[in-house]
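> All the letters of the sequence shown, read from the start, carry residue numbers 35 to 170 under my numbering. Input: one structure, supplied below.
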Amino acid sequence: MRISLQGKIDSIVVSRAERVATLTQQIRHAVTVIGRLEKQAPGSARLHQKRRRLGILHARLDQIQADQKAGRVRLCFGSRKLFRALFALAQNGYASHAEWKADWQAQRDAQFFVPAVRTRQPAINRARQALKRTVR
Numbered sequence: 035m036r037i038s039l040q041g042k043i044d045s046i047v048v049s050r051a052e053r054v055a056t057l058t059q060q061i062r063h064a065v066t067v068i069g070r071l072e073k074q075a076p077g078s079a080r081l082h083q084k085r086r087r088l089g090i091l092h093a094r095l096d097q098i099q100a101d102q103k104a105g106r107v108r109l110c111f112g113s114r115k116l117f118r119a120l121f122a123l124a125q126n127g128y129a130s131h132a133e134w135k136a137d138w139q140a141q142r143d144a145q146f147f148v149p150a151v152r153t154r155q156p157a158i159n160r161a162r163q164a165l166k167r168t169v170r
């Protein structure tokens, strides 16, 4: 378990640089589109949406850079739905915390994490094929 967890943490740390590069490219593209729309369709809903999107991209980039600077790694086991079920056990069909925890552990143990780096795509495809026992 410790080795698997350390591998997930290392993968997140390594993939941050690529994520920062991707976000920077998306921000540059959004800025050029906004510049074009300001000339062609000032005050349009599409321009407003592009500005909102640019703000979201900046917020994501700032968050990743802050995490990188602080040495923080964000990692979640299971799903958001399963996590939120912890706070309302009866409403989500769980009789006890132990029952929820058993589902959570099963979900956690079923996870398989592969870093999404373009140079490793052939290895990722082989892993997917081995897991599914079929060819895509």
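Backbone N, C-alpha and C define an ideal beta-carbon position, used for all residues, glycine too.
Can you confirm whether the stretch 65 to 78 touches the stretch 100 to 110 when touching is taken to mean that 3 or more C-beta pairs between the two stretches lie within less than 8 Å?
Output reads no: the stretch 65 to 78 does not touch the stretch 100 to 110.
> Would you identify the three-state DSSP class for Val47, choosing helix, strand or coil?
helix
> Nearest to Ile43 by alpha carbon, out of Gln102, Gln97 and Ala75?
Gln102
> Using the rule of at least 16 other Cβ atoms within 10 Å of the residue's Cβ for burial, across every protein chain shown, is Leu91 buried or exposed?
buried
> Taking the alpha helix (DSSP H) that Phe117 falls in, what are its first and last residues?
Secondary structure note for Phe117: its alpha helix (DSSP H) is the uninterrupted segment Arg114 to Ala119.
> Start and end of the alpha helix (DSSP H) containing Gly89?
Per DSSP, Gly89 is one residue of the alpha helix (DSSP H) stretching across Ala79 to Ala104.
> Would you mind sorting Lys73 into buried or exposed? The rule is 16 or more other CB atoms within 10 Å of its CB.
exposed
> Just to confirm my understanding: we take Gln60, look at its own chain, exclude 5 residues before and 5 after, and list those with CB closer than 6 Å. What are they?
Leu91
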